[in-house]
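Quick notes on the structure that follows.
There are 2 protein chains.
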Amino acid sequence: MTKISFETNPKNYLHWSIEIRENLAFLTMNVNEDGGMFDGYQLKLNSYDLSVDIELFDAIQRLRFEHPEVSVVVLKSGNDKAFSAGANIKMLASASHAHKVNFCKFTNETRNYLESSSQDSLQYYICLIDGVCAGGGYELALACDHIVLMDDGSSNVALPEVPLLAVLPGTGGLTRVTDKRKVRRDLADVFCTMEEGVKAQKAIEWKLVDTITKKSSLEEDLNKLIVDFSKKGKLNKCKGIKLNKLEKFFVNDNYIKYSTIDLKINREKNNANIIITSSDEVIPNNEKDLESAGDKLWLLRCVRELDDALLHIRFNELEIGVIIFSSSGNIESVLKYDKLFHDFSTNWFIREIKNSWERTLKRIDLTSRSLVTLVEPGSCFAGFLSEIVFCSDRSYMAEGDFEGNNKPEASLSLTDSNFDYFKMSNGLSRLKTRFLEQDDKLTELNEVKDKIILSEEAKKLGLITFSFDDIDWDDEIRIFLEERASFSPDSMTGMESNLRFAGPETMETKIFGRLTAWQNWIFQRPNASGEEGALKKYGTGNKGKFNKQRV
Amino acid sequence: MTKISFETNPKNYLHWSIEIRENLAFLTMNVNEDGGMFDGYQLKLNSYDLSVDIELFDAIQRLRFEHPEVSVVVLKSGNDKAFSAGANIKMLASASHAHKVNFCKFTNETRNYLESSSQDSLQYYICLIDGVCAGGGYELALACDHIVLMDDGSSNVALPEVPLLAVLPGTGGLTRVTDKRKVRRDLADVFCTMEEGVKAQKAIEWKLVDTITKKSSLEEDLNKLIVDFSKKGKLNKCKGIKLNKLEKFFVNDNYIKYSTIDLKINREKNNANIIITSSDEVIPNNEKDLESAGDKLWLLRCVRELDDALLHIRFNELEIGVIIFSSSGNIESVLKYDKLFHDFSTNWFIREIKNSWERTLKRIDLTSRSLVTLVEPGSCFAGFLSEIVFCSDRSYMAEGDFEGNNKPEASLSLTDSNFDYFKMSNGLSRLKTRFLEQDDKLTELNEVKDKIILSEEAKKLGLITFSFDDIDWDDEIRIFLEERASFSPDSMTGMESNLRFAGPETMETKIFGRLTAWQNWIFQRPNASGEEGALKKYGTGNKGKFNKQRV
């Protein structure tokens, strides 16, 4: 099977275009009907598949890094009939369960990324709906900061998944309707069971959109919104940096080599090893040098490559049950890079790199594979890289000298980056989640900040799960990996999804936890995916046949 | 099929016994191996099925109502080998998907009920684990206020569902381990993937239990705990009231008549109608009369009968997709009963009745059927009964006079009972959830408190979904019911589970939302429930065969 690639750039876009006018950008969706990722369906009416969302993800990222001067993005359609008909139904009906679930998760992550643009990067999204806006199309609108709906007697918003397809709006729609837009639950019930959706007047009454406008007043209304949001997003006079193609080499079927990361697949053992290597390059020490380093800066290369490696595993390596994180290099160098986050915290470029790490660390949290970090001799888990240890379901740390290995003793280091800096989806730092409501523990950890922590102490502090010396190390890791590979992948997914997110819930965790879990359940049910189910029957003129038992 | 009944009493218990010694109770689990609800399995090692949990539910309720003087309950095992081996695996393997899901939900509700005893009724549960304590057995312990584990070289605690059965601990285990007991997530990961569980020393280190004790020091340690908890639970000198058998008549296959409730099934239309009738009895106006009314008090009869009716529909009427709530009677009478909650708020008996209503209203919220309330002429939705309107996915209210109907015009009334009194699982009142973060709206509603609200005003206030007059009423209701019956039951369940719980999440909502949804998903997967799945293969000497794809 062809591998799915997540790299693209505006020159290669099939479905989107970006137009920049000073501090305003127009992001236009005009899906190429024949440009879908797989055969067997056409992307009519701006319906989408993964290929469309990969471009959207790229566009959001480029708007942030390449165009920090942009403060307002108008997201609109280039299709004259529809804003967007949502995820393509024929694609969904023919896709495997795993692809459906992975697709929804990536789409969710992309919408969260879009949604965070206003807070993280002061880039506000105004969504302009002219024409049909259904299902995933409306869910895309829901992720924006402001929704404008044309009051033209035909444009509408709808979540018709339930009545039409017997599945849920799978990318945050239900949660954003009640929790973000505060639509009353009974009106939400009516809305989500209507095939035909609602038009301007009712849409604004029910709080489904923010502004309705006639064709004659569109320009004026839109301009006013743009001016208002531009004031909120302070005009950045800074110049962006270019995101070039990743350095990525497929050495062989089981080995991808990036500039800062090695991804090695062990098919026999069903695991993948992601090895992060530190840099010995000169580290910029002022804003000018930082920005001129641009996408060559190790800190940025590393996070982009890590993100790409994770997506590669998720979509192209379905049988890999365990991801092993390890690192190699100079811990002092990592600490110097880590210091950039705090020394240049007001610099737009450093802020964007921080956001990329935060987002990518969340991508790790949300990856449905068992995650383990090995802190070995010669590794460099410090500051932001230590977060990977805390992303993991468990961690093993080497103790003392290892025979025949002249690398430095395994050590860990905490910095300000580990305390209320990078947030998980639940709104807490990883250490706060790890030691939920244990302030004394966090005080204790704060006291070892910026120090080098060896294995025994790390274990005592609760930073790692196990500490083993040279004699036991190989056996213990082998036994763990074999055991993990023997478990049912489904129960692992369910267990990890529950154990990883202690503490409060947010709109994000509700979407990934509650909503996604229900959607996955429904995707399995014969009423949706069976031969007589609604997904299969859609477009045939026949309705799905349902088993009436309520569960 | 025989109907499952949820009524029992200690004289008929097969699996539990209650022993009262002044303000101390011993609740002992000694499961009758051959006393299971269905054929084909034996309840060995204090493993359980629904019949065991029905008795537990009854016992908790009786301890509250019949023995308010009890401040400490010691929950222990009467089996000499095990505390409890958890839910019976053969039962799970042979049960239908619907029964598994319903069983888990009821068990979860029962554990939440037990868990709330300390806060609601000042009855503290100390769990004494002597012997094996695995899976649902440990989850029962987790619901208690304090866990004592014997340090005898063999007693243990375990959540072996994942490694042994490829399913999740389905009754709150994962959530309570991380969120209630604050077990570190990586230790929780290790714990939940161990078949053998952990014994005393490690169990206390990992915070899985609160006390470990040797046989020689058990009595002393337990007595000290009892004394300490007795001090927290202030010694109630009050005398309990007896809970007699419900007045419940099976008029025919489609009609159950209780003393305050009629339950009518319309099989053709896949719906059930629950009609609540007000009382014209004299309402007690002092504590003495209240307590001597006992379980004859309409307020208590009504909630017990409502609870029973809901459970009946859930377990015995799987094809009923919609529950229609309606009421009939004197709104003034309901308001007078409602006033008892506030006039006698410190009285133990009124407090228990309030807790019963709160719990039963939550049971409605968590019932996976579409819920609709019809506020018709002559109905009596006021105060606590109005909460049922706000439990519903949508509501219809009659406007003006209805031809040939001389009943009073349909009206609604809000009282203090609707403002921060009855909480949903998310910790908010239903009105606060309905108008999430809209304080001005709640202020507006507060101004119409204790007034009679007619249909048009109710609609304007957002208290109901639709208002229809005599001409449209029948058609609109008919169309709605037909439409609802035509949808896929699965997508309804998923949609409603998401729309009903806007706002914050609590341990309860995490268990019912996130955890339950994942468990339901896993229950469907071939890796668990297929012919080669772990549930089917358990006890055969063969392991389950798994599809390794991660989803």
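Residue numbers (the working numbering), protein chains in the order written: chain A, 1 to 551; chain B, 552 to 1102. Cβ coordinates follow ideal geometry from the N, Cα and C atoms, glycine included. Because the structure is a prediction, the values reported are computed rather than measured.
Three or more Cβ pairs drawn from the stretch 712-723 of chain B and the stretch 684-693 of chain B lie within less than 8 Å of each other, which places the two stretches in contact. Around the C-beta of A/Gln119, fewer than 16 other C-beta atoms lie within 10 Å, and the residue is accordingly described as exposed. When CB distances to chain A are screened at a threshold of 9 Å, the residues of the stretch 1085-1099 of chain B falling below it are Ala1085, Lys1094, Gly1095, Phe1097, Asn1098, Lys1099, in chain order.
In the three-state reduction of the DSSP assignment, A/Trp16 falls in the strand class, which pools E and B. As a beta-bridge residue in DSSP terms, B/Tyr806 pairs with B/Asn803, B/Lys815.
Around the beta-carbon of A/Thr346, fewer than 16 other beta-carbon atoms lie within 10 Å, marking it exposed. The residues Ile904, in chain order, have a CB closer than 6 Å to that of B/Leu851 in the same chain once the five nearest residues on each side in sequence are set aside.
A/Leu63 carries a helical assignment under DSSP once its states are collapsed to helix, strand and coil. Using a Cβ-Cβ cut-off of 8 Å, A/Thr493 counts as an interface residue toward chain B, since at least one Cβ of chain B sits closer than that to its own.
The Cβ atoms of A/Lys449 and A/Asp179 lie no closer than 8 Å to each other. The beta carbon of A/Ala410 sits closer than 7 Å to those of Val375, Glu376, Pro377, Ser379, Met397, Ala398, Ser455, all from its chain and outside the five residues before and after it, given in chain order.
Membership of A/Lys362 in the alpha helix (DSSP H) is indicated by the continuous run 348-365. The C-beta distance from B/Glu617 to B/Leu794 rounds to 6 Å, short enough to meet the 8 Å contact threshold. With its beta carbon less than 8 Å from one in chain B, A/Leu436 belongs to the interface. Of all residues in the stretch 84-104 of chain A, the ones placed with a Cβ closer than 7 Å to any Cβ belonging to chain B are His97, Ala98, Val101, in chain order.
Contact between A/Leu114 and A/Tyr125 holds, since their C-beta atoms are separated by about 6 Å, short of 8 Å. Contact between B/Asn1049 and A/Leu159 fails: their C-beta atoms lie close to 11 Å from each other, not under 8 Å.
Residue A/Arg304 holds the alpha-carbon nearest to the alpha-carbon of A/Phe57 among A/Arg304, A/Asp151, A/Glu317. The alpha-carbon of B/Leu693 is positioned some 8 Å away from that of B/Val728.
Below 8 Å, too few C-beta pairs join the stretch 44-51 of chain A and the stretch 287-302 of chain A to call them touching: fewer than three. Counting every other CB atom within 10 Å of its CB across the protein chains shown gives A/Asn406 a total below 16, marking it as exposed.
Under the Cβ criterion of 8 Å, B/Asp730 is counted among the residues facing chain A. Within the stretch 1004-1019 of chain B, the residues whose Cβ lies closer than 7 Å to any Cβ of chain A are, in chain order, Gly1013, Thr1016. Per DSSP, the beta bridge partners of B/Val623 are B/Leu575, B/Tyr675.
Contacts with chain B (Cβ-Cβ distance below 9 Å) from the stretch 184-197 of chain A involve Arg184, Arg185, Asp186, Leu187, Ala188, Asp189, Val190, Cys192, Thr193, listed in chain order. Among the residues facing chain A, B/Ser946 is included, as its CB has a counterpart in that chain under 8 Å away. In the DSSP assignment, A/Ser395 falls within the unbroken beta strand (DSSP E) covering 394-399. Taken through DSSP and simplified to helix, strand or coil, B/Val582 comes out as coil.
Taking all protein chains in view, the Cβ of A/Asn112 is crowded by 16 or more other Cβ atoms within 10 Å, so the residue is classified as buried. In the three-state DSSP reduction, A/Lys441 falls in the helix class (H, G or I). Residue state for B/Ile827 is assigned as strand, using DSSP reduced to three classes. With a cut-off of 8 Å on Cβ pairs, the stretch 765-783 of chain B is in contact with the stretch 614-628 of chain B, counting three or more such pairs. In the DSSP assignment, A/Ser497 falls within the unbroken alpha helix (DSSP H) covering 489-499.
Interface annotation, A/Pro10: not in contact with chain B, CB-CB separation never under 8 Å. Between the alpha carbons of A/Asn527 and A/Arg550 lies a distance of about 12 Å.
Under the DSSP assignment, A/Asp469 falls in the beta strand (DSSP E) whose first and last residues are 466-469.
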